[in-house]
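**Student:**
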Amino acid sequence: MSSSSSRASLAADTMIAAPSFTLAQASIGQAHRVKSLHAPAHAPEWPQWLEEIGFVSGEHVCVIAKGLPGADPLVVRIGQSTFALRRAEADCIELALPHELPELTSTPALGQQALA
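Each residue of the sequence shown is one higher than the one before, counting from 34 in our numbering.
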């Protein structure tokens, strides 16, 4: 094996997979759940900060509004709190896909309470 191909193989083995569906890609008003947080190379502290303000695995999240132009910033509701996030920060938040959490489809819309 040549040294260039072994370096390429090593680089591929050490790369972190990009999130498949992020909060920045979510539609306005659609309920989701946080799956995981990912740090960009330029801001390794972001996941810790996002976790501290409530973006933890399993928490309900919804995009309330997106700024113009470029959908930046995003206004998001996480649990009972509302925040404005830059698009780059929202890209760090991976969301569970509907088939990963089937109970999400029967969850009442954020801001509404289920009747007992």
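Glycine included, each C-beta is placed from N, C-alpha and C at the ideal position. Just so we're clear, the structure is a prediction, and the values are computed from it rather than from any experiment.
For the putative contact between residue 87 and residue 114, defined by C-beta atoms under 8 Å, what is the C-beta separation to the nearest angstrom?
**Tutor:** Contact holds; Cβ gap of about 6 Å.
**Student:** Would you kindly work out how many angstroms separate the C-alpha atoms of residue 67 and residue 102, rounded to a whole number?
**Tutor:** Linking residue 67 to residue 102 through their CA atoms gives a straight-line distance of about 25 Å.
**Student:** Could you give the first and the last residue of the continuous beta strand (DSSP E) run that contains residue 127?
**Tutor:** 126-128
**Student:** From this set, 124, 62, 130, 92, which residue's C-alpha is nearest residue 79's C-alpha?
**Tutor:** 124
**Student:** Please confirm whether residue 111 and residue 61 have their CB atoms less than 8 Å apart.
**Tutor:** no
**Student:** With a Cβ-Cβ cutoff of 8 Å, do residue 71 and residue 129 count as a contact?
**Tutor:** no
**Student:** Buried or exposed for residue 142, going by 16 or more other Cβ atoms inside 10 Å?
**Tutor:** The predicted model places residue 142 with a pLDDT of 47, which falls under 50 and marks its position as unreliable, so this point remains unresolved.
**Student:** Starting from residue 98, trace the alpha helix (DSSP H) in both directions and tell me its first and last residue.
**Tutor:** Where residue 98 is concerned, there is no enclosing alpha helix (DSSP H), although the beta strand (DSSP E) it sits in stretches over 93-99.
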